[in-house]
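The sequence shown stops at residue 1457 when you use my numbering, and every number in between is there.
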Amino acid sequence: MINCDKISFVIPVYNNAASIEEIVNLTQTAIAEKQCKAEIIFVNDGSTDNSWEQISLLSEKHKDSVTGIDLMKNFGQHHATLCGIRHATGQFIITLDDDLAYSPAQGLELIEFMTESKLDLAYGISNKKQFEISRNLGKCLLLIGTSIGIKQIVGSSFRAISANVAKNISHNGDVVFIDDLLTSITDKYNYKKFDNFRINKKSRYNNASLYKMGLNIAFFYSGFPLKLLSYIGIIGSVISGIAGLFFLYKKLFFKVPLGYTSLIVAILFSASAILFGIGVLGKYLYRIHNNKNNVAPYHVRKTTKDA
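Shown next as structure tokens:
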């Protein structure tokens, strides 16, 4: 049982004008059985078809429930979703793809699962198992790119989010991995399997875009290279120091060629000092990296509420 006044549905839209009215109709049908209102937020992510025109018409037709947000260019699904979440005013927020892989009614089921399980966040994932080596490599990049590095995030754009989690999202960087943001706020999240409402023959994320997104997150969002540099520097300094002590021990207790030990020890201890300095520098830069994200993740051209 869902106990709330309003549920927000956030739908990023990219070149999919044909499905927008159907999403509105399905949402209104699903919410009619509940004792709450629906807020439907379409975020037009730089579409080149007539998606914005369709959103504007539906916003005029359903002024009390449909809102459109038009971004200045194509920023990407995660950026558009973050924008929609920040504009949502419901006690619960459901994020859906515009291709209706999952339906608004299934979103309500996901909220019920979340509330019954006393969660702050729930993901809907497909019952259908897919194994594609190329796509799994891209998903590995996304996993590497998580800010904590040990979280097992199963990415899904079908989510149910509590308003309390949504209002605590704080991010101004130009690269967004929204699932990492959400799971950094709360550890009370879980997954529920669903049959696909509509089977889409082709994912909106092709392999190239998945790799690009994974690389951006791993190298420019998470600070992963700086963390790796820190570990290499500190571990390398320890190994070099131990090796230097080993050769010094051999010099003291065994016969070794003249000048050999002093040269090796000097090289190893110098390397140890350099690597340790690199490790400290990596940690220092990582802290700066975490505090410097002041670039806006998206820019809004206008909303249907501006009219």
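Think of the CB as a built atom: it goes at the ideal place given N, C-alpha and C, for glycine as much as any other residue.
No experiment lies behind these values; they were computed from the predicted model shown.
Query	Result
Limits of the beta strand (DSSP E) - the one that Gly1274 falls within	1271 to 1276
Nearest to Thr1454 (by Cα), restricted to the options Ala1180, Ile1152, Tyr1273, Trp1202	Trp1202
Proximity to Ser1320 [Cα-Cα], best of Thr1333, Ala1251, Ile1191	Thr1333
Helix, strand or coil at Arg1451 [DSSP, three-state]	strand
Buried/exposed call for Ala1230, threshold 16 Cβ in 10 Å	buried
Boundaries (first-last residue) of the alpha helix (DSSP H) holding Gly1234	1227 to 1237
Inter-stretch contact at 8 Å, needing at least 3 Cβ pairs: the region 1309 to 1327 / the region 1249 to 1266	yes
Cβ-based neighbour list, Lys1156, same chain, cut-off 7 Å, excluding 5 preceding and 5 following	Cys1186, Lys1187, Glu1189, Thr1239, Gly1240, Gln1241
Through-space distance from Ser1253 to Ser1215, alpha-carbon basis	17 Å
Counted within 10 angstroms of its Cβ, other Cβ atoms place Asn1340 as buried (16 or more) or exposed	exposed
Per DSSP, cross-strand counterpart(s) of Ser1312	Phe1242
Nearest neighbour of Ile1235, chosen from Asp1195, Ile1414, Ser1158 [CA to CA]	Ser1158
Phe1344 in three-state terms, based on DSSP	strand
Nearest-angstrom Cα separation, counted from Asn1194 out to Ile1335	27 Å
Check whether Leu1221 and Tyr1448 have beta carbons under 8 Å apart	yes
Nonlocal neighbours in the same chain, by C-beta distance under 6 Å from Gly1299, ignoring five residues either side	Low per-residue confidence applies at Gly1299: pLDDT is 48, beneath 50, and the placement is therefore not dependable enough to give any value.
Straight-line gap, Gln1204 to Lys1343 (C-alpha atoms, nearest Å)	32 Å
Own chain partners of Arg1451 with C-beta closer than 6 Å, once the 5 adjacent residues on each side are dropped	Asp1220, Met1222
Endpoints, beta strand (DSSP E) assigned at Asp1220	1216 to 1221
CB contact flag (Ile1243, Val1160, <8 Å)	yes
Proximity below 8 Å, CB of His1237 to CB of Phe1327	no
Nearest residue (CA-CA) to Ser1422, options Tyr1399, Ile1392, Lys1401	Ile1392
N-terminal and C-terminal residue of the alpha helix (DSSP H) that Ser1334 is part of	1328 to 1335
Helix, strand or coil at Phe1404 [DSSP, three-state]	coil
Supposed close pair Asn1346, Ala1251 - CB separation, criterion 8 Å	5 Å
Closest by C-alpha distance to Ile1424, when choosing among Ile1414, Leu1269, Ser1387, Gly1218	Ser1387
Strand pairing of Pro1162, partner residues [DSSP]	Val1193
Burial state of Asp1096 (16 or more Cβ within 10 Å)	No information on residue 1096 is available, as it lies outside the stretch 1151 to 1457 that the chain covers here.
Option nearest Thr1119 by Cα separation, candidates Phe1192, His1212, Ala1255, Asn1224	The requested residue 1119 does not occur in the structure, where the chain is confined to residues 1151 to 1457.
Secondary structure of Ile1417, DSSP reduced to three states	helix
For Lys1317, three-class secondary structure by DSSP	helix
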